[in-house]
Amino acid sequence: MDKKLIKDFPYEYEIVDPEKNEDLVNYFCTPKDEYVTIGPKKYFLLKGYLSGAARIYNFPLSSEDTFVITYPKSGTTLTQELVWLLGNNLDYEKAESININERFPFLEISAMLNIDEFPLTADLKKELKKSLIPVTLEQIEEMPSPRFIKSHLPLSLLPPSLLDTTKVVYIARDPRDVAVSYYKFQQFLNIVPPEKEFKQYWKFFMSNQIMWTPYFEHVLEAWEQRKHPNMLFLFYEDMLKDLTGAVRRVADFYGKTLSDDQVNDLARHLDFDTFKKNKSVNMEDLKKTGIYSSDGAFIRKGKAGGWRNYFDEEMSAQADEWIAKHLSDTDFRLPHC
1 MDKKLIKDFP YEYEIVDPEK NEDLVNYFCT PKDEYVTIGP KKYFLLKGYL SGAARIYNFP
61 LSSEDTFVIT YPKSGTTLTQ ELVWLLGNNL DYEKAESINI NERFPFLEIS AMLNIDEFPL
121 TADLKKELKK SLIPVTLEQI EEMPSPRFIK SHLPLSLLPP SLLDTTKVVY IARDPRDVAV
181 SYYKFQQFLN IVPPEKEFKQ YWKFFMSNQI MWTPYFEHVL EAWEQRKHPN MLFLFYEDML
241 KDLTGAVRRV ADFYGKTLSD DQVNDLARHL DFDTFKKNKS VNMEDLKKTG IYSSDGAFIR
301 KGKAGGWRNY FDEEMSAQAD EWIAKHLSDT DFRLPHC
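Heads up: the sequence shown at position 73 corresponds to 73 in the UniProt record's numbering, and the numbers run straight through without jumps.
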């Protein structure tokens, strides 16, 4: 396929082969949008990303900004809540009164998600936009400092001065658990029909045909920057094993001194059973818009190692080989769980 350029953006893109696109459209319940691959690492994104690629890459930064960056379904929301509370003097009352999407907006959502294309009534579209505010890059730019921003894009597609200017927390998770969680999440989003098997989804994931893949390229970009003073690299599995320890690590990263009581209170607030019921983060309000299924939940299990319930012997062997291949020339290792 022909490679193409975007003004004020350093990477070429290619439209995905129509046959591959057809396979994906037949599996997913999404608009028949074209997919693209971006740059030499061929990050797999919706064509809509192109409309915001340059603006995201050149997004104006402030030294007071904080970014939480993850591959999807890697503990993003938990980390957002932790970081936001540390940056806002542990103001639990304010956190519970304002939706996480407003406190900690998703940088690329306006490029990746065209709400006007959803098969919803005008009132429901309005409600959805309200729930996702701030939803545009312009609105995020205009937020007062300090700004807290989430992204699922790899570092190479974000502003080049990001680490030298802002604080970045990156969370990684075992890709097998990531894939299961993303599959379940996309079922919750009515993107993957209930009858579609996970086995095919996993094949898409390994072959870099799921949004934001390739997974290991994404994670390794951050891993290589883990010693940068403005980067904190965490594993979701470590957070689950020792939440109070994770609270202390993130607090130290931001130069915050917390008492033992404050650490324990914050860990209790982030505990899975409590967190799942928190209306400012669990996205239950979006079910009425129709974007989310009435079954399932945005915050689902909060456990590590659940992939074993979805992988048969053949898939487990494929996963072992795939992981070993991508980690053979690196010092990155997945946590044991």
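The beta-carbon is built from N, C-alpha and C at its ideal position, and this holds for glycine as well.
Item	Value
Outcome for residue 139 when other beta-carbon atoms lying within 10 angstroms are tallied against a minimum of 16	exposed
Opening and closing residue of the alpha helix (DSSP H) in which residue 327 lies	313-327
Residue from 166, 106, 74, 80 whose Cα sits closest to the Cα of residue 185	74
N-terminal and C-terminal residue of the beta strand (DSSP E) that residue 151 is part of	148-151
Beta-carbon spacing of residue 236, residue 333 below 8 Å	no
Expected contact under 8 Å - CB spacing of residue 72 and residue 212 to nearest Å	6 Å
N-terminal and C-terminal residue of the beta strand (DSSP E) that residue 171 is part of	167-172
Complete alpha helix (DSSP H) runs within the stretch 27-85 (minimum length 4 residues, chain order)	53-57
For residue 235: DSSP bridge partner residues	172
Assigned exposure category for residue 257 - 16 Cβ within 10 Å defines buried	exposed
At least three beta-carbon pairs within less than 8 Å, the stretch 231-249 to the stretch 159-175	yes
Given 8 Å, three or more beta-carbon pairs between the stretch 90-107 and the stretch 137-152	yes
Among 78, 87, 25, 58, nearest to residue 253 - alpha-carbon criterion	87
Counted within 10 angstroms of its Cβ, other Cβ atoms place residue 81 as buried (16 or more) or exposed	buried
Cβ-based neighbour list, residue 34, same chain, cut-off 7 Å, excluding 5 preceding and 5 following	15, 16, 21, 47
Among 194, 144, 224, 158, the one whose alpha carbon lies nearest that of residue 10	158
Nearest neighbour of residue 63, chosen from 255, 164, 327, 177 [CA to CA]	164
Own chain partners of residue 5 with C-beta closer than 7 Å, once the 5 adjacent residues on each side are dropped	12
Three-state secondary structure (DSSP) of residue 199	helix
Cut-off 7 Å between Cβ atoms - residues of its own chain near residue 83, not counting five sequence neighbours on either side	66, 68, 148, 169, 250
Beta-carbon proximity of residue 162 to residue 56, cut-off 8 Å	no
Contact set for residue 210: own chain, Cβ-Cβ below 8 Å, skip 5 residues either direction	44, 179, 182, 201, 204
Nearest to residue 61 (by Cα), restricted to the options 42, 227, 143	143
Boundaries of the alpha helix (DSSP H) in which residue 310 is found, first to last residue	Looking at the DSSP string, residue 310 is not in any alpha helix (DSSP H), and its letter there is neither H nor E.
Residue 177 classed as buried or exposed, judged by whether at least 16 other C-beta atoms fall within 10 angstroms	buried
Residue environment, residue 103, which counts as buried when at least 16 other CB atoms sit within 10 Å	buried
Straight-line Cα distance separating residue 242 from residue 23	41 Å
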